[in-house]
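In my numbering, the protein residues as written are 4 to 293.
Glycine residues also receive a C-beta, built at the ideal position from the N, C-alpha and C atoms.
Computed from a predicted model, the values in this text were never measured in an experiment.
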Amino acid sequence: MTHNPHGQKRPGVQGQEPPVFPLYVHQDYCICVCVSVGERIMFELSPLLPYQREWLRDRRKKKIWLASRQIGKSFTLALEAIGEGLERKCNNMILSASERQSREVMEKVAIHIKAIELVRGGKLTSGREPGKEEVELFNGSRILSLPSSPDTVRGFSGNVFLDEFAFHKDATEVWSAMYPSITRGALVSIASTPFGKFNLFHDLFMADGFSKHKVDIYEAVRQGLKGLDGKPIDIEAIKRDMTISGDEARWRQEYLCSFESSAVGAYFDYLMTQAENEGVAFNEKEPRSK
Numbered sequence: 004m005t006h007n008p009h010g011q012k013r014p015g016v017q018g019q020e021p022p023v024f025p026l027y028v029h030q031d032y033c034i035c036v037c038v039s040v041g042e043r044i045m046f047e048l049s050p051l052l053p054y055q056r057e058w059l060r061d062r063r064k065k066k067i068w069l070a071s072r073q074i075g076k077s078f079t080l081a082l083e084a085i086g087e088g089l090e091r092k093c094n095n096m097i098l099s100a101s102e103r104q105s106r107e108v109m110e111k112v113a114i115h116i117k118a119i120e121l122v123r124g125g126k127l128t129s130g131r132e133p134g135k136e137e138v139e140l141f142n143g144s145r146i147l148s149l150p151s152s153p154d155t156v157r158g159f160s161g162n163v164f165l166d167e168f169a170f171h172k173d174a175t176e177v178w179s180a181m182y183p184s185i186t187r188g189a190l191v192s193i194a195s196t197p198f199g200k201f202n203l204f205h206d207l208f209m210a211d212g213f214s215k216h217k218v219d220i221y222e223a224v225r226q227g228l229k230g231l232d233g234k235p236i237d238i239e240a241i242k243r244d245m246t247i248s249g250d251e252a253r254w255r256q257e258y259l260c261s262f263e264s265s266a267v268g269a270y271f272d273y274l275m276t277q278a279e280n281e282g283v284a285f286n287e288k289e290p291r292s293k
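1. Helix, strand or coil: which one does DSSP assign to proline 197?
2. To test your reading of the DSSP string, which unbroken alpha helix (DSSP H) runs of 4 or more residues are found completely within the region 86 to 138?
3. Tell me whether aspartate 219 is buried or exposed, calling it buried when 16 or more other Cβ atoms sit within 10 Å of its Cβ.
4. For glycine 18, collect the residues of the same chain with a Cβ closer than 8 Å to its Cβ; drop the 5 residues on either side in sequence, then sort them by chain order.
5. Under three-state DSSP, which class holds arginine 145?
6. Unbroken beta strand (DSSP E) runs of length 3 or more, entirely within the region 210 to 259: which are they?
7. Taking all protein chains shown into account, do 16 or more other C-beta atoms lie within 10 angstroms of the C-beta of tyrosine 182, making it buried, or fewer, making it exposed?
8. Give a yes or no on whether the C-beta atoms belonging to tryptophan 178 and leucine 203 are separated by under 8 Å.
9. Which residue comes first and which comes last in the beta strand (DSSP E) that contains aspartate 166?
10. Where does the unbroken beta strand (DSSP E) through leucine 69 begin, and where does it stop?
11. Applying the criterion that 16 or more other CB atoms from any shown protein chain within 10 Å of the CB defines a buried residue, is lysine 76 buried or exposed?
12. Report, in whole angstroms, the separation of the C-beta atoms of phenylalanine 141 and lysine 117, which I expect to be a contact under 8 Å.
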């Protein structure tokens, strides 16, 4: 028996049983980790953490998540995109900071699909062959995972998921090209580790109009985050290694959700050196990744 905490009907395709997004199977919906053993695929099931469930249950149309490194942001966004696609036929685009990251997100989408099929039974995808950047669900919904660029998102209509948005190149242009995509009520979900104060992610998190989530490493561990070996995470060891050079700003940025101006100093130094080498005058306002 499924459990729907919102009491909402989940529409399906005519003539078919309405799809059940696994979040509604049980509050501890299980995610899976694929482990290759020869030609067999085994699934180790483990519960979503409370902060991941809280993000998925937040049905507001504009959400932003300020988060520590390595707590499952991309994994959660991938699951959210699938959930939206199962709820109704729609387009879902996940934009990442690089091509490599977009491929990794698509791998997470594939893992979730396998897990949902395992829990629910039956195929979730259509008969169309999945591509490296796109998968189509049985109801015609599409999930795309692409590197971020204004040209990529322009003309798209549907839900948009911005993964590690603080690190997107040309973020302001991407946002301006993307925003018309959600004009008619589509979802925009943004998640990122901070990268200083001079970027659009910082400005959006500080602005009104978004449902805001914040999870640092201490909160994630308190809610049950463990290492890949299943053992408790030694936060103090991480802090010791991150601050070995005496730079505590990077530790606060990467793990404590702090918008640190000094943590991006090296980036500005790099830009200044590049400009000097090319004989170009450096303008401090130019490198804003907005």
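With the given structure in hand:
1. coil
2. 102 to 123
3. buried
4. The predicted position of glycine 18 is uncertain, since its pLDDT is 41 and thus under 50; a value taken from the coordinates is nonetheless stated next. Counting only Cβ-Cβ distances below 8 Å, and skipping sequence neighbours, we find nothing.
5. strand
6. 214 to 218
7. exposed
8. yes
9. 162 to 166
10. 65 to 70
11. buried
12. Between lysine 117 and phenylalanine 141 the Cβ distance is about 14 Å, and since that is not below 8 Å, they are no contact.
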